[in-house]
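Those protein sequences? They're chains U and C, same order as listed. Quick note on numbering: the first sequence equals residues 5 to 291 in the working numbering. Quick note on numbering: the second sequence equals residues 5 to 291 in the working numbering.
Protein chains: 2
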Amino acid sequence: VWIGDDAAVFGPIEGRLLLTTDQAVAGVHADLELVGLDDLGWRAVARAISDVAAMGGRALRAVVAVAGPPTTDLDLLYRGVGACAEAHQCPVVGGDLSGAPGTTVTVSVVGHLPTGGPVLRSGAAPGDAILVTGPLGAAAAGLRLLRGERAARRASGPVDEVLIAAHRRPRALLAEGEAARLAGATAMIDVSDGLAADLGHVARTSGVGFALDHVPVAPGATAADALEGGDDYELVMTAPRADALVAAFRHVGLRAPIVIGACTADRSQATVAGTPIDGAGWEHPWQ
Amino acid sequence: VWIGDDAAVFGPIEGRLLLTTDQAVAGVHADLELVGLDDLGWRAVARAISDVAAMGGRALRAVVAVAGPPTTDLDLLYRGVGACAEAHQCPVVGGDLSGAPGTTVTVSVVGHLPTGGPVLRSGAAPGDAILVTGPLGAAAAGLRLLRGERAARRASGPVDEVLIAAHRRPRALLAEGEAARLAGATAMIDVSDGLAADLGHVARTSGVGFALDHVPVAPGATAADALEGGDDYELVMTAPRADALVAAFRHVGLRAPIVIGACTADRSQATVAGTPIDGAGWEHPWQ
Numbered sequence: 005v006w007i008g009d010d011a012a013v014f015g016p017i018e019g020r021l022l023l024t025t026d027q028a029v030a031g032v033h034a035d036l037e038l039v040g041l042d043d044l045g046w047r048a049v050a051r052a053i054s055d056v057a058a059m060g061g062r063a064l065r066a067v068v069a070v071a072g073p074p075t076t077d078l079d080l081l082y083r084g085v086g087a088c089a090e091a092h093q094c095p096v097v098g099g100d101l102s103g104a105p106g107t108t109v110t111v112s113v114v115g116h117l118p119t120g121g122p123v124l125r126s127g128a129a130p131g132d133a134i135l136v137t138g139p140l141g142a143a144a145a146g147l148r149l150l151r152g153e154r155a156a157r158r159a160s161g162p163v164d165e166v167l168i169a170a171h172r173r174p175r176a177l178l179a180e181g182e183a184a185r186l187a188g189a190t191a192m193i194d195v196s197d198g199l200a201a202d203l204g205h206v207a208r209t210s211g212v213g214f215a216l217d218h219v220p221v222a223p224g225a226t227a228a229d230a231l232e233g234g235d236d237y238e239l240v241m242t243a244p245r246a247d248a249l250v251a252a253f254r255h256v257g258l259r260a261p262i263v264i265g266a267c268t269a270d271r272s273q274a275t276v277a278g279t280p281i282d283g284a285g286w287e288h289p290w291q
Numbered sequence: 005v006w007i008g009d010d011a012a013v014f015g016p017i018e019g020r021l022l023l024t025t026d027q028a029v030a031g032v033h034a035d036l037e038l039v040g041l042d043d044l045g046w047r048a049v050a051r052a053i054s055d056v057a058a059m060g061g062r063a064l065r066a067v068v069a070v071a072g073p074p075t076t077d078l079d080l081l082y083r084g085v086g087a088c089a090e091a092h093q094c095p096v097v098g099g100d101l102s103g104a105p106g107t108t109v110t111v112s113v114v115g116h117l118p119t120g121g122p123v124l125r126s127g128a129a130p131g132d133a134i135l136v137t138g139p140l141g142a143a144a145a146g147l148r149l150l151r152g153e154r155a156a157r158r159a160s161g162p163v164d165e166v167l168i169a170a171h172r173r174p175r176a177l178l179a180e181g182e183a184a185r186l187a188g189a190t191a192m193i194d195v196s197d198g199l200a201a202d203l204g205h206v207a208r209t210s211g212v213g214f215a216l217d218h219v220p221v222a223p224g225a226t227a228a229d230a231l232e233g234g235d236d237y238e239l240v241m242t243a244p245r246a247d248a249l250v251a252a253f254r255h256v257g258l259r260a261p262i263v264i265g266a267c268t269a270d271r272s273q274a275t276v277a278g279t280p281i282d283g284a285g286w287e288h289p290w291q
């Protein structure tokens, strides 16, 4: 049952259910002078679906609440919402619309785990390998390109388009999340706030430290983009046996995750190539 | 799993699932010069749970996204959210928080139907009785009291407090909705926009007209409050046999619903005591 009745109806659904909600606010999560309202809508859907991916779940249905001024181009916004939902095979089954001073898109997604339990943030143990689904920093580099922060923007080429698309149209890695869960990942999170911050969440809730050997940098991005840039939506996971995860990904035709380091027993440890990551004063010595 | 992981986990859940999302926007759904941020939070939760009630479902879990300026008193807001969730036994299991120019609370609720299907808006047939769970207009009268629109506000007494509470702290009628579904209601909706508007939705989607004999008015409210005032969250339902619904409600200890009229085959019919309800020009002749 689509928008037009009081609630959407679906199922029954086997296994445990997942529920998450995320907002994309104009001026906070997207600068509408740089990207379109369709990109804002896409981002809101991708953020919520990525949370399901980070639990190892399958996305089932989404509902979308939009608040904004009367001048909001809703057709454009919903085109982005619909395109992202379709790209992730997660139908939008309902919504709400209201006036408001600023434009906010709130997406809630129901997912499920057909069998077994979720991969939480809290399951990492000392000695576990740390892996990431791909190189990082493309979204941050794309945003920088859009802002024209490079003195001379390079001649537009395939790499730039990829970087800008990474910022405008991020993908949630549902297949990768499920493969990691089935292959025995002990903890997992999506990189929405940046690798340093998100891996920090895993470390804190798991009671471990982490020692990274290196951070894979997306082509055209910088080391700072890769470590601190958010909104890549790559998945970071831990597992006692990295080779089992790599094999499982390859078995289902996915790009193998990259081993970037290991969890340590020292909760206070957060290093890249032996150098502490400690916020403000950190100078990216590994670049 | 509570806020702090990527998504909440619950279930497995038997039967079909319901999913709905609703917003409460400061200045649109609540005037913060008249009510508190806690009331705004309460309203957002009640609106979403009421959508589940209107399908005849049980509310299972809620997620709450809040956007607002940095000065927002989040403690106060979440107190209202939590109180409403607790009153309806629907735990809040996750959320999102963001800066934004205005304050918006978006609540998404998952519900379920342990057996059978939902009561849709589209199932009414000519000849079906129309019933409402209680007298209407209290929330609209309470809002008017808060606005001081009555030249001389009456001495504060029990009725006024009830009216103001009806506006500030509406309840979703979950037990009533489920009783109606189990007793064979053919269509149902919650009164959020006003009886005339919401019954109009049922009539349009069902392809029927309606002839109301009378509209029960809450003590202290006016006939206009009862017909056009929103946010009462009473349920309006249709059924071939009104007595079956009345008996079912009494059987589970609920106040019996009130028969207010019947569905007709003439889709253009929308009357109260024989007088058409036709928007702007309508002068409440039945008051």
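For glycine and all other residues, C-beta sits at the position ideal for the given N, C-alpha and C.
Residue burial is scored here from C-beta neighbours: residue 60/U has at least 16 other C-beta atoms within 10 angstroms and is therefore classed as buried.
Considering only beta carbons, the part of the stretch 85-103 of chain U lying closer than 7 angstroms to chain C consists of 97, 98, 99, 100, 102, 103, in chain order. In the displayed model, residue 36/U falls within coil according to three-state DSSP, outside both helix and strand. Around the beta carbon of residue 256/C, fewer than 16 other beta carbons sit within 10 angstroms, so the residue counts as exposed. Here residue 119/C is exposed: its Cβ has fewer than 16 other Cβ atoms, across all protein chains shown, within 10 Å. Within a 10 Å sphere around the beta-carbon of residue 194/C sit 16 or more other beta-carbons, which makes this residue buried. Contact between residue 180/C and residue 137/C holds, since their C-beta atoms are separated by about 5 angstroms, short of 8 angstroms. The beta carbon of residue 17/C falls within 8 angstroms of a beta carbon belonging to chain U, placing the residue at that interface. Interface residue (Cβ-Cβ distance to chain U less than 8 angstroms): residue 27/C is classified as such. Shown here for residue 112/C: same chain residues with a beta carbon closer than 6 angstroms to its own, the five before and five after excluded, namely 25, 67 in chain order. Chain-order list of chain U residues neighbouring residue 193/C: 10, by C-beta distance under 8 angstroms.
According to DSSP, residue 97/U shares a beta bridge with no other residue. Going by beta carbons, residue 183/U and residue 80/U fall outside the 8 angstroms limit.
At a Cβ-Cβ threshold of 8 angstroms, residue 27/C and residue 126/U do not count as neighbours. Counting along the chain, residue 20/U sits inside the beta strand (DSSP E) bounded by residues 20-29. For residue 147/U, the uninterrupted alpha helix (DSSP H) run begins and ends at 142-151, by DSSP. The alpha carbon of residue 88/C has as its nearest neighbour, out of 69/C, 106/C, 107/C, 53/C, the alpha carbon of 53/C.
At least one CB atom of chain C sits nearer than 8 angstroms to the CB of residue 55/U. Of all C-beta pairs linking the stretch 242-249 of chain U to the stretch 185-200 of chain U, three or more are shorter than 8 angstroms, placing the two stretches in contact.
Going by beta carbons, residue 134/C and residue 265/C fall inside the 8 angstroms limit.
Going by beta carbons, residue 214/U and residue 274/U fall inside the 8 angstroms limit. Boundaries of the alpha helix (DSSP H) harbouring residue 209/C: 199-210, taken from the DSSP string. Assigned with DSSP and collapsed to three states, residue 61/U falls in coil, not helix or strand.
Taking the CA atoms as reference points, residue 216/U sits about 33 angstroms from residue 91/U.
Here the alpha carbon of residue 46/C sits roughly 18 angstroms from the alpha carbon of residue 110/U.
Collapsing the DSSP output to three states places residue 168/C in a helix. Going by C-alpha positions, residue 124/C is about 33 angstroms away from residue 106/U. Leaving aside the five residues that flank residue 83/C on each side, the residues in its chain whose CB is nearer than 8 angstroms to its CB run, in chain order, 42, 45. Bounds of the alpha helix (DSSP H) holding residue 255/C are 246-255. The DSSP-derived three-state label of residue 225/C is coil.
At a Cβ-Cβ threshold of 8 angstroms, residue 198/U and residue 233/U count as neighbours. Just so you know, the alpha carbons of residue 48/C and residue 39/C end up roughly 13 angstroms apart. Taking the C-beta atoms as reference points, residue 21/U is found nearer than 8 angstroms to residue 14/C.
Taking all protein chains shown into account, residue 238/U has 16 or more neighbouring C-beta atoms within 10 Å of its C-beta and is therefore buried.
Taking 8 angstroms as the threshold, the shortest C-beta distance from residue 65/U to chain C falls below it.
Note on residue 229/C: 16 or more other CB atoms within 10 angstroms of its CB, so buried under the neighbour-count rule.
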